[in-house]
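What follows is a single structure, written as structure tokens, with notes after it.
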DNA sequence: TCAATATTTTTAATTAATAAAGGAATGAAT
DNA sequence: ATTCATTCCTTTATTAATTAAAAATATTGA
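Residue numbers (my numbering), protein chains in the order written: chain A, 3 to 141; chain B, 3 to 141.
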């Protein structure tokens, strides 16, 4: 049983280590996980794994474009393997639960009215609101 | 000389303290400032002011909707007095310089394709790119 | 002015993330 | 398969941003 992530790493010329693979697999199972959560997941399989290795790998994977980092206010950085499709996020103000949100087909968000001379390469959108269960609890 | 911020605070039933006023004034002069910068500004006028009071006030003002907090990846929280107009931000990947960006008139960003049952009240957009001067230096 | 409440200062603690150094694993070339 | 250079991992230490707690002070409304 050979992980598809092995090929992904090779395709990006990244060396193949057990911790790195485990990070990718953990993220695949748990989208929008933070470093601490990934650390637990990885550690349950590789008991000697260190938190520093998790941070190192997350940063490396972000730099090489294999994963994406999002950082909503009030939360540590979260990571996901789903990338390159201009999808966005909806975050619950109450419980911090996150779901993916597809943007409108023509990607209107990708251009501001005036770019002020910046060359823009990404538009990051976070929708803030209340998730279904927190809406119920509020009433 | 009576500050317009005094009326603003009263209008929100917030008590009027010298530090709180100084925080608002500092933010008015320096949009997109972080807590440390605001602390310096305030301290230059009120030498006894503490950093904790800055944090307390920033949080209070955010909670009451007098100021807005933004938190781009890799930077501490930034604050601004310009609120309620659905404006967004352009952040330079290289030097972290920030400018305001108006969204398109019809606010297309305010609704995702599928809200997943969330009640959404805000769409926060950050455009990432390179500012004019960092573009020059790169060539 | 007085009491109740909210704020400020001070000190301490927490959380997230990074840094540095030596040992270990990986990958390329023999 | 062996070696070498490089990269990675573990460990330990450190930084930065923010929050917490408690006593002292200031503000507000009566």
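No residue lacks a Cβ here, since even glycine has one placed at the ideal position from N, Cα and C.
Distance between beta carbons of residue j and residue i, contact taken as under 8 Å
| i | j | result |
| --- | --- | --- |
| residue 7/A | residue 26/A | 4 Å |
| residue 124/B | residue 75/A | No, residue 124/B and residue 75/A are not in contact; Cβ-Cβ is about 11 Å, not under 8 Å. |
| residue 21/B | residue 61/B | About 13 Å separates the two Cβ atoms, so there is no contact after all. |
Whole-angstrom distance between residue j and residue i, CA atom to CA atom
| i | j | result |
| --- | --- | --- |
| residue 121/A | residue 127/B | 16 Å |
| residue 11/A | residue 66/A | 10 Å |
| residue 29/A | residue 90/B | 30 Å |
| residue 86/B | residue 13/A | 46 Å |
| residue 77/B | residue 78/A | 12 Å |
| residue 5/B | residue 48/B | 16 Å |
| residue 3/B | residue 17/B | Confidence in residue 3/B is poor, its pLDDT being 46 and thus under 50, which makes the residue's placement unreliable; the coordinate value appears in the next sentence. Approximately 19 Å, taken between the alpha carbons. |
| residue 34/A | residue 100/A | 7 Å |
| residue 96/A | residue 134/B | 39 Å |
| residue 68/B | residue 83/B | 7 Å |
| residue 46/B | residue 46/A | 52 Å |
| residue 52/A | residue 36/A | 15 Å |
| residue 41/B | residue 24/A | 43 Å |
| residue 129/A | residue 15/A | 35 Å |
| residue 2/B | residue 54/A | This structure gives no information on residue 2/B, because the portion of chain B shown stretches from 3 to 141. |
| residue 104/A | residue 19/B | 45 Å |
| residue 9/B | residue 73/B | 28 Å |
| residue 98/B | residue 81/A | 21 Å |
| residue 136/B | residue 118/B | 39 Å |
| residue 140/A | residue 50/B | 41 Å |
| residue 93/A | residue 116/B | 13 Å |
| residue 102/A | residue 138/B | 36 Å |
| residue 88/B | residue 88/A | 21 Å |
Assigned exposure category for residue i - 16 Cβ within 10 Å defines buried
| i | result |
| --- | --- |
| residue 43/B | buried |
| residue 31/A | exposed |
| residue 131/B | buried |
| residue 38/A | exposed |
9 Å Cβ cut-off: residues of chain B touching residue i
| i | result |
| --- | --- |
| residue 69/A | None at all; the shortest Cβ gap to chain B is about 13 Å. |
Beta-carbon neighbours of residue i, restricted to chain A and to distances below 7 Å
| i | result |
| --- | --- |
| residue 121/B | 131, 132, 137 |
| residue 128/B | 126 |
| residue 75/B | 71, 73 |
| residue 101/B | 118 |
Closer than 8 Å at the beta carbon, the chain B residues around residue i
| i | result |
| --- | --- |
| residue 92/A | 114, 117, 118, 120, 122 |
Report the residue ranges of all alpha helix (DSSP H) runs contained in full by the region 47 to 110 of chain B; include only those spanning at least 4 residues, in chain order.
Runs of the alpha helix (DSSP H) inside the region 47 to 110 of chain B: 53 to 65.
Give, in chain order, every unbroken run of the alpha helix (DSSP H) that is at least 4 residues long and sits entirely within the region 6 to 32 of chain B.
6 to 13, 20 to 31
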